[in-house]
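Residues in the sequence shown are numbered consecutively from 428, following my numbering.
Virtual Cβ for every residue (Gly too), placed ideally from N, Cα, C.
Since we're looking at a predicted model, the values are computed, not measured.
Step one of this worksheet: look at the structure below.
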Amino acid sequence: MSVALLEAGVAGFLLGGSLIIAIGAQNAFVLKLGIIRKHVFPVTMICALSDAVLIIAGIAGFGILVKSAPGLIVIVTYLGAAFLFVYGAMAFARSAKVQTLQTANVSATSLSKAVITILSLTFLNPHVYLDTVVLLGSLSTAYVGGAKLAFGAGATMASFVWFFVLGYGARLLGPIFEKPFSWRVLEFSIGVVMWAIAAKLLYSHFQASGFLSPAGS
């Protein structure tokens, strides 16, 4: 492998990692499933493959399509915010119940519901398209040929590494969640994250639309 390909791959890996390693709805859901050790492989694989598809789309030039269809982003924003508000409310409701690792395991969501939830959290988030399709797609134009492919491969690898480390590493937190209070804190925190992201989505949308004045203006 040439130095140019290696540098492009490392750049893609670091940039891709910086975009996904953050407290978000998708990561919070993977973390919870990892703690109770339910549906970890299919959910983490869906997350990684979804990122891979979006990254490939961005490198292939679909970022231009996303930019030219602002109405699509608006629809995704409203649907995503609504889903996050509902899921957050459900998390707050669960935080009021007494749960331990064992009871949470027994009442864990089914595989079909887990798949639907993670797909919704992934594709109803407009920032996913802006970060992976538009941003990574735009930055990939700095590379040509094999280097461009290496950049995309690096970004894709970052997603696989992150989600599998998060999903399977979360089980190390199992002993902490033997206590009901820990589960209440986790569920409440998930609710806060979901509502905060939903509010941020709507605020950013209304600000960009001119309904709200930028802070400090």
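Taking residue 627 as reference, the option from 592, 577, 537 and 512 with the minimal CA-CA separation is 512.
Residue 602 sits exposed, since fewer than 16 C-beta atoms from the chains shown fall within 10 Å of its C-beta. Just so you know, the alpha carbons of residue 483 and residue 560 end up roughly 8 Å apart.
Listed in chain order, the alpha helix (DSSP H) elements of length 4 or more contained wholly in the stretch 449-514 are 452-463, 467-484 and 490-494. Residue 462 and residue 445 have their C-alpha atoms some 23 Å from each other. With contacts defined as CB atoms closer than 8 Å, residue 518 and residue 470 fail to qualify as a contacting pair. With at least 16 other beta carbons inside 10 angstroms of its own, residue 578 counts as buried. Straight across, the Cα-Cα distance linking residue 521 with residue 614 is about 6 Å.
In the structure shown, residue 540 adopts helical secondary structure according to DSSP, grouped into three states.
As the crow flies, the alpha-carbon of residue 548 is around 27 Å from that of residue 605.
By the CB criterion at 8 Å, residue 566 and residue 466 fall outside the cutoff. Residue 435 is positioned such that its CB atom lies no closer than 8 Å to that of residue 564. The residues 453, 456, 457, 470, 473 and 474, in chain order, have a CB closer than 8 Å to that of residue 545 in the same chain once the five nearest residues on each side in sequence are set aside.
Between the alpha carbons of residue 524 and residue 568 lies a distance of about 51 Å. Check the Cα spacing between residue 623 and each of 510, 437, 574 and 591: the tightest is with 510. Look at residue 630 here: in three-state DSSP terms it is helix.
Taking a C-beta distance under 8 Å as the contact criterion, residue 438 and residue 625 do not qualify as a contact pair. Note on geometry: alpha-carbon atoms of residue 588 and residue 478 lie some 12 Å from one another.
Secondary structure note for residue 597: it is in no alpha helix (DSSP H), with a DSSP letter that is neither H nor E. It is roughly 33 Å from the alpha-carbon of residue 536 to the alpha-carbon of residue 442.
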